[in-house]
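Its first residue numbered 1, the sequence shown is counted upward by one per residue in full-length UniProt numbering.
Glycine included, each C-beta is placed from N, C-alpha and C at the ideal position.
The structure under discussion appears below in the form of structure tokens.
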Amino acid sequence: MNIKTICILGAGTLGSRVALQSALSGYEVRVYDLTQKALDFSLNTMKKILHQLVKAGQLEEKTVPEVLGRIEFTLDPKRAVENADFINESVTEEIEVKKKVWKQFGELAPEKTWFTTNTSYLLPSMFAEESGRPSRFCAFHFHDVFYSRVVDIMPHPGTDPQMIPMLEELGRKLNQVPVLVKKENPGYIFNTMLMALIGAAGKLLTKEVASIEDVDRSWMVNFHMPMGPFGILDSIGLDTAWHVTHKLPDAASQAFAKLLKEEYLNHGKLGEKSGEGFYNYPHPAYKAKDFIL
1 MNIKTICILG
11 AGTLGSRVAL
21 QSALSGYEVR
31 VYDLTQKALD
41 FSLNTMKKIL
51 HQLVKAGQLE
61 EKTVPEVLGR
71 IEFTLDPKRA
81 VENADFINES
91 VTEEIEVKKK
101 VWKQFGELAP
111 EKTWFTTNTS
121 YLLPSMFAEE
131 SGRPSRFCAF
141 HFHDVFYSRV
151 VDIMPHPGTD
161 PQMIPMLEEL
171 GRKLNQVPVL
181 VKKENPGYIF
191 NTMLMALIGA
201 AGKLLTKEVA
211 SIEDVDRSWM
221 VNFHMPMGPF
231 GILDSIGLDT
241 AWHVTHKLPD
251 AASQAFAKLL
261 KEEYLNHGKL
271 GEKSGEGFYN
281 YPHPAYKAKD
291 FIL
């Protein structure tokens with residue numbers, strides 16, 4: 001399949017990164033969201049990343065206007081999918097929201113369009129039918145895109161098997177490492193392992209066993225990592241973490257979800273993207289030289 005135009009539904013942190021990498025890879029990109037504020041955030045996010053890439057010597061500054069010129073931001077759903085070959089959705093991690101979005105764009109998108117979802121923990125089978133084309137529907141889940149370059153390919157039972165090699169090829173063209181999740185699994189591969197870590201860290205915090213900083217120090221020093229579980233959570237987004245944890249039935253997850261909601265989300269502290277979470281940004285304490293001394 002010859003993919004030329006990619007539509008990104010959702011101009012948040014991850015959607016913006018996927019859109020930018022698509023443009024860097026030579027694709028024409030349209031980014032859709034409900035508000036101009038979200039689109040402005042997306043553009044500013046992209047400009048910051050491009051600046052970092054130029055500063056790191058990974059991109060020539062003269063190519064920046066060309067890359068941005070391949071990206072169109074729109075509030076018009078019809079324009080977003082006009083002649084689109086491929087859609088990747090990164091909207092709020094709520095099943096009813098995703099069902100509504102896929103019903104809308106399943107009706108608007110051209111017949112040729114392939115549908116993918118970037119959902120973190122929901123399963124594609126939960127809303128594939130709403131798209132009207134379940135056989136052309138698959139999870140195509142990115143991580144950081146620039147730093148953590150894994151893309152998960154997770155079909156649901158009704159996915160056309162021909163989508164798999166196509167998505168593997170596209171993943172490589174987007175400078176990602178594709179991994180196949182053979183059967184539907186909440187959290188794919190990495191997130192399943194990550195949630196075990198996050199769950200343990202949350203339990204240590206809610207039971208007052210250790211401080212945020214000491215939990216992170218322990219992990220960082222023992223495994224020679226640049227950040228610990230709470231730094232990772234800030235990077236993921238505390239709202240995303242809450243969406244996942246509050247749905248889990250065990251008492252430890254519920255306690256951590258309650259802490260996230262009452263002490264962070266209710267005060268607008270969403271992590272790195274809001275400037276404050278477990279740490280303050282853009283200069284979090286865990287990056288300071290004396291943090292692990």
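- Apart from the 5 residues on each side of it in sequence, Lys173 sits with its Cβ closer than 6 Å to the Cβ of Ser25 in its chain, given in chain order.
- Within a 10 Å sphere around the beta-carbon of Pro110 sit fewer than 16 other beta-carbons, which makes this residue exposed.
- Put simply, the stretch 197–204 touches the stretch 245–253. At least three CB pairs are less than 8 Å apart.
- Taking 7 Å as the cut-off, the beta carbon of Thr113 is found no closer than this to the beta carbon of Ile71.
- Val179: member of the beta strand (DSSP E) spanning 177–180, first to last residue.
- The DSSP-derived three-state label of Tyr264 is coil.
- Residue state for Phe291 is assigned as coil, using DSSP reduced to three classes.
- For the stretch 163–244, the continuous alpha helix (DSSP H) assignments of 4+ residues that do not extend past its boundaries occur at 163–173, 190–206, 212–223, 229–236, in sequence order.
- Under the 10 Å beta carbon count, Tyr27 is surrounded by 16 or more other beta carbons and is classified as buried.
- Val67 and Asp144 have their C-alpha atoms roughly 19 Å apart.
- For the set Lys287, Ser131, Thr92, Val177, the Cα lying nearest the Cα of Met227 is the one of Lys287.
- Nearest in C-alpha terms to Gly271, of all of Lys37, Gly231, Glu82, is Gly231.
- Under a 10 Å Cβ-count criterion, Lys98 is classified as buried, with 16 or more other Cβ atoms of the shown protein chains found around its own Cβ.
- The C-alpha of Val91 lies about 21 Å from the C-alpha of Asn83.
- Per DSSP, the continuous alpha helix (DSSP H) segment holding Arg79 begins and ends at 77–81.
- Counted as a single uninterrupted DSSP element, the stretch harbouring Leu248 is not any alpha helix (DSSP H), since DSSP gives it neither H nor E.
- DSSP assignment within the stretch 22–71 yields the following whole alpha helix (DSSP H) runs of 4 residues or more, N-terminal first: 36–55, 64–69.
- Put simply, of Leu123, Asn185, Val29, Lys103 the residue whose alpha carbon is nearest the alpha carbon of Ala11 is Val29.
- The beta carbon of Thr116 lies closer than 8 Å to those of Phe86, Ile87, Asn88, Glu89, Phe137, Cys138, Ala139, Phe140, Leu167 in the same chain, with the five residues before and after it left out.
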